[in-house]
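Colleague:
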Amino acid sequence: MTYVIGKECIDAQDHSCVDVCPVDCIYEGPRKNYINPNECIDCGACEIVCPEVAIFPARKATTDERKVFAADNAAFFELPLRGLGTPVGDPGGAQLRGPIAADTPLVEEWRGS
4 MTYVIGKECI DAQDHSCVDV CPVDCIYEGP RKNYINPNEC IDCGACEIVC PEVAIFPARK
64 ATTDERKVFA ADNAAFFELP LRGLGTPVGD PGGAQLRGPI AADTPLVEEW RGS
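So in the numbering used here the end of the sequence shown lands on 116, straight run, no missing numbers.
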């Protein structure tokens, strides 16, 4: 199981989660951070420090909105993003890869609510 970053992170990237992650699995997009589900060890450290209360365990994606963000979080790594050509995949650490120059279409088009 993994953790997911929801809509509350859009345009509010605090980065406390990035700093506390022991396996460096939280990747930065222009408007939102994303947790790599294949690299996350399910420790929950990110959820505890998030001031936006944006992070939740994927197993608790019980509302339609949370399910959408759980799928979108995985899509960030599995599908080619606009302008990148190939999927981000599992690069083995966010610091190694650096910021990603694209968000998912859902986040790019998000206008809040």
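Idealized CB from N, CA, C, for every residue including glycine. Keep in mind it's a predicted model, so treat the numbers as computed, not measured.
Are the beta-carbon atoms of C53 and I38 separated by less than 8 Å?
Modeller: Walking along the sequence shown from the start, residue 53 turns up at place 50. Walking along the sequence shown from the start, residue 38 turns up at place 35. No, these two residues do not count as a Cβ contact at 8 Å.
Colleague: With distances taken from CA atoms, which of P60, C49 and P83 is nearest C24?
Modeller: Taking the sequence shown and counting its residues from 1, one reaches residue 24 at position 21. Closest option to C24, Cα to Cα, is C49.
Colleague: Of all the beta strand (DSSP E) runs that stay within the bounds of the stretch 44 to 105, which reach a length of 3 or more residues?
Modeller: 58 to 60
Colleague: Residues in its own chain within less than 8 Å of D106 by CB, not counting five upstream and five downstream?
Modeller: Here residue 106 refers to the residue found at position 103 of the sequence shown. Closer than 8 Å at the Cβ level, and outside the excluded window around D106, lie G32, P33, R34, K35, F79 and L84.
Colleague: Take L109 as the anchor and find which of K63, E42 and K70 has the nearest alpha-carbon.
Modeller: For the purposes of this step, residue 109 is identified with residue 106 of the sequence shown, where counting begins at 1. Checked all of K63, E42 and K70; the closest Cα to L109 is K70.
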